[in-house]
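J.: Chains P and D supply the protein sequences, listed in that same order.
If you're matching positions, the first sequence starts at 38 in the numbering used here and goes up one per residue.
If you're matching positions, the second sequence starts at 38 in the numbering used here and goes up one per residue.
Cβ atoms here follow ideal geometry from the backbone N, Cα and C, with glycine treated the same way.
Protein chains: 2
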Amino acid sequence: MAEQEKNRISVEIYGNTYKMVGTESSVHMRLVASLVDDKMREISAHNPSLDTSKLAVLTAVNSVHDYLLLKEQYEKLEIQLKHLKG
Amino acid sequence: MAEQEKNRISVEIYGNTYKMVGTESSVHMRLVASLVDDKMREISAHNPSLDTSKLAVLTAVNSVHDYLLLKEQYEKLEIQLKHLKG
């Protein structure tokens, strides 16, 4: 596989700066960072006593949960599609 | 909406114990916790100098990234399905 060009950007998430490196566009990387920032602020608003570390872990838990739900829906669509294609 | 019964469990993620509360089964919640734990350990193995908080933020970033990629694929399937259904 040819080596893809990597984008390197700095993003701010919950008051800290992170360097992100990836083959995705910087627009995509900024979107990801801003979604994580939003989720952290949302969880923090409901649990003001959490420290940043626990808050970040719960944000990761939340994201993986969303991912698994979407994966279930995705697999259902795949089955439907398979039936329709015969 | 009728109130759903909530499950309350304790899980261990990266050496810390978290109380999880949710309408999902405890099996699902344990799966989510173990996926987050795995991801944190994987990222940590590549970046041993990261503190837990940054590690957890990067884990969340990683999960949201996976979510967005899957969402794109999901939307493509939806379009295919729509065409097939006419």
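Excluding the 5 residues preceding and the 5 following residue 87 of chain D in the sequence, name in chain order all residues of the same chain whose CB lies nearer than 8 Å to its CB.
T.: For residue 87 of chain D, the CB contacts under 8 Å within the same chain, skipping 5 residues up- and downstream, are 80, 81 and 95 in chain order.
J.: How about residue 89 of chain P and residue 71 of chain D: are their beta carbons less than 8 Å apart?
T.: no
J.: Does DSSP classify residue 55 of chain P as helix, strand or coil?
T.: strand
J.: Which bits of chain D does residue 115 of chain P rub up against, with CB to CB less than 7 Å?
T.: 114
J.: List, in chain order, every chain P residue whose beta-carbon is nearer than 8 Å to that of residue 101 of chain D.
T.: 69, 72, 73, 76 and 100
J.: Of all Cβ atoms in chain D, is any one closer than 8 Å to the Cβ of residue 80 of chain P?
T.: no
J.: Could you check what DSSP says for residue 44 of chain D in three-state terms: helix, strand or coil?
T.: Under the three-state reduction of DSSP, residue 44 of chain D is assigned to strand.
J.: Thinking C-alpha only, which one of P:101, P:51, P:100 and P:62 is nearest residue 3 of chain P?
T.: The first residue shown for chain P is 38 and the last is 123, placing residue 3 of chain P beyond what the model contains.
J.: Taking 8 Å as the CB-CB cut-off, is residue 60 of chain P touching chain D?
T.: no
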